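A.B. asks: Mind looking over this structure? Questions follow.
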Amino acid sequence: MSNIPKKLKYSKTHEWVRKDDDVLTIGVTDHAQTMLGDLVYVELPELELDIEAGQECAVIESVKAAADIYCPVSGEVIEINEALLENPQLVNEDPYGKGWLFRMRAFENENSELLTPDQYSKLVASEAH
Amino acid sequence: MGKKTPLYDCHLQSHAKIVDFAGWDMPLHYGSQLQEHHQVRQDAGLFDVSHMTIIDVKGSGTATYLRKLLANNIDKLTYGQALYTCMLDEQGGIIDDLIVYKISDDFYRLVVNSGTHDKDVAWLTKQAQSFKCELTERTDLAMLAIQGPKVREKIPQLFNAEQAKAILALPVFYATTCDNYFIARTGYTGEEGFEIILSGADAPAFWQRLLDHDIKPCGLGARDTLRLEAGLNLYGADMDESVSPLVSNLAWTIGWEPQDRSFIGRSALEEQKQKGVKQQLVGLILEGSGVLRNHQKVIVEGLGEGEITSGSFSPSLGKGIALARVPVGTVGLCQVEMRGKLITAQVIKPPFIRHGKKTFSNMMERENE
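Chains as they are written, first to last, in my numbering: chain W, -15 to 113; chain C, 32 to 400.
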């Protein structure tokens, strides 16, 4: 069973969001990295880019497949995880920690589209069938 | 629920991620496809390839049948020797690629792909009708591959002295029968190693024995990146019935001599050769970072367009690599269309890697030397 931390919020497209004051950290879930397998390439958004919720903003690629990352919230990119460019497998090893993708300053306070851990857990379970 | 090899339970015990492959439930990886790739390049890896189809052909007409059926010429073979060949249709299209082993004058063994099982069996059976030979599909057998630079040193621990001596004496592309094992010095990784055919009933115990000697299980994921680095074609991706060996980097597998051997597809190939082929299969290496993918468009300045037939990421080189069918005369650099952008790639003659080492130099480097 994949790891779904209680403190985070989730998107239907398997990104996670962590809120620290007005800074949001975004990554992909344990379920997503397991489905993709070993990552070998990550393309991250440009700094200071304004992105709307639902927009494609990054690409992660495993040996097997490429996956688009959809921005879970609207905001400005303020930091990217440059360690991933050298070592994309950090996403596999630690998807909620060292494998974070980028940080944003959000335009709006709350995105009601985001899922709670329980809701996301149900989504993952339903996709398995 | 797909078909299962005799080693299916062994895969589950090793925590395999199981996927469907041509109707078979097969291991994709056992945790990390990249680690398994490096395991084979640097040490020793173990593959279950029991999904492949093994067909024994016996009878006084066997050699005559195979001379007609196969594009390469089995008359090159001595006892125990193996031959890589295509099986063509009348238009010179590739029905499948396969390995044929000569066991005796009237007994040959074919190993063909699992994805093409049904059409292969139908074609083989149809063509055999006018020859004195009998085909037997050996569904009772399992097939393993042990591959990597440390495989040879493990052979004396795995077999008795007499068997080990026979196995280690095998030249490349030769097979021998040791008691219940049929062992060939062949593989699909570009490394040293063996493929071993044995009864399905004996396979799980033998698999465990190999694991006990630190030969680690590797899945189909690693098998694919290893064969791509080794520049070995994959049927259904790099070739199929719409192309001939002449445009698939396989002209070397056509047994043109003797000229009066009229194998199926010969006249079509001769016509293609006479007219001149317009395409070739080459290797590509992405200059920057990224991963090449099947069906991406390749643009060659001044010559036209081509397409990636097998694209992936080379764990050994740390770069995107591919096989691509491009216009004849393509050298140096080309452009690959990736997500709407044109990215530069080097054109090389495969393989990329053999025996753990980089084997290519691109045309630009060579011109500067």
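Quick reminder that beta carbons are idealized off the backbone N, C-alpha and C, glycines included. Owing to the predicted nature of the structure, the values given are computational and were not obtained by experimental measurement.
Give the residues from the stretch 5 to 30 of chain W that approach chain C closer than 7 Å (Cβ to any Cβ), ordered along the chain.
C.D. replies: Gly21, Asp22, Val24, Tyr25
A.B. asks: Assign C/Thr156 to one of three DSSP states: helix, strand, or coil.
C.D. replies: helix
A.B. asks: Figure out for me which residue from C/Pro289, C/Phe162, C/His82 has the closest Cα to the Cα of C/Leu172.
C.D. replies: Comparing Cα-Cα distances from C/Leu172 to each of C/Pro289, C/Phe162, C/His82, the minimum goes to C/His82.
A.B. asks: Using beta carbons (cut-off 8 Å, strictly below), is C/Ser347 in contact with chain W?
C.D. replies: no
A.B. asks: Could you give the uninterrupted runs of the beta strand (DSSP E) lying entirely in the stretch 51 to 127 of chain C, keeping only those of 3 residues or more?
C.D. replies: 55 to 60, 76 to 79, 84 to 89, 113 to 119
A.B. asks: Check C/Cys209 in the structure and name its three-state DSSP category.
C.D. replies: strand
A.B. asks: Going along chain W in order, which residues have a C-beta closer than 8 Å to the C-beta of C/Gln70?
C.D. replies: Residues of chain W passing the Cβ test: none, with the nearest at roughly 13 Å.
A.B. asks: Tell me whether W/Ile53 sits in a helix, a strand or coil according to DSSP, three-state version.
C.D. replies: Strand.
A.B. asks: Are there three or more Cβ pairs, one per stretch, closer than 8 Å when the stretch 18 to 37 of chain W is compared with the stretch 55 to 67 of chain C?
C.D. replies: yes
A.B. asks: In this structure, how does DSSP classify W/Glu45 when only helix, strand and coil are distinguished?
C.D. replies: strand
A.B. asks: I'd like to know if C/Val322 contacts chain D, where contact means its C-beta is closer than 8 Å to some C-beta of that chain.
C.D. replies: Note that chain D does not occur in the displayed structure, where the protein chains are W and C.
A.B. asks: Ignoring anything shorter than 3 residues, give me the beta strand (DSSP E) runs that lie fully in the stretch 259 to 326 of chain C, in order along the chain.
C.D. replies: 310 to 317
A.B. asks: For C/Gly351 and C/Ile246, what's the separation of their Cα atoms in angstroms?
C.D. replies: Each residue's Cα considered, the two are about 28 Å apart.
A.B. asks: Inspect the CB distances between the stretch 79 to 99 of chain C and the stretch 284 to 300 of chain C and report whether three or more fall short of 8 Å.
C.D. replies: yes
A.B. asks: Do we get a CB-CB distance below 8 Å when we pair W/Val108 with the residues of chain C?
C.D. replies: Not one chain C Cβ lies under 8 Å of W/Val108.
A.B. asks: Since W/Ala50 meets chain C, which of its residues come closer than 9 Å, beta carbon to beta carbon?
C.D. replies: Correct list: Val322, Arg324, Arg370.
A.B. asks: Less than 8 Å between CB atoms is the rule here; does C/Leu65 satisfy it with respect to chain W?
C.D. replies: yes
A.B. asks: Using 8 Å as the limit for Cβ to Cβ distance, is C/Thr256 near chain W?
C.D. replies: So, interface residue.
A.B. asks: What is the DSSP secondary structure of C/Gln377, counted as helix, strand or coil?
C.D. replies: strand
A.B. asks: Nearest to C/Ala353 by alpha carbon, out of C/Gly90, C/Trp283, C/Asp210, C/Gln327?
C.D. replies: C/Gln327
A.B. asks: Taking the beta carbon of C/Lys389 as the centre, do at least 16 other beta carbons fall within 10 Å, making it buried, or is it exposed?
C.D. replies: exposed
A.B. asks: Measure the alpha-carbon distance for C/Lys181 versus C/Leu77 and round it to whole angstroms.
C.D. replies: 12 Å
A.B. asks: May I have the straight-line CA-CA distance separating C/Leu257 from C/His42, to the nearest angstrom?
C.D. replies: 20 Å
A.B. asks: Taking the alpha carbon of C/Ile126 as the reference point, which residue from C/Asp271, C/Ala153, C/Gln305 has its own alpha carbon closest?
C.D. replies: Here the closest residue by C-alpha is C/Asp271.
A.B. asks: How big is the Cα-Cα spacing for W/Arg2 and C/Gly250?
C.D. replies: 35 Å
A.B. asks: Suppose contacts are defined by Cβ-Cβ distances below 8 Å. Is C/Asn103 in contact with C/Thr284 by that definition?
C.D. replies: yes
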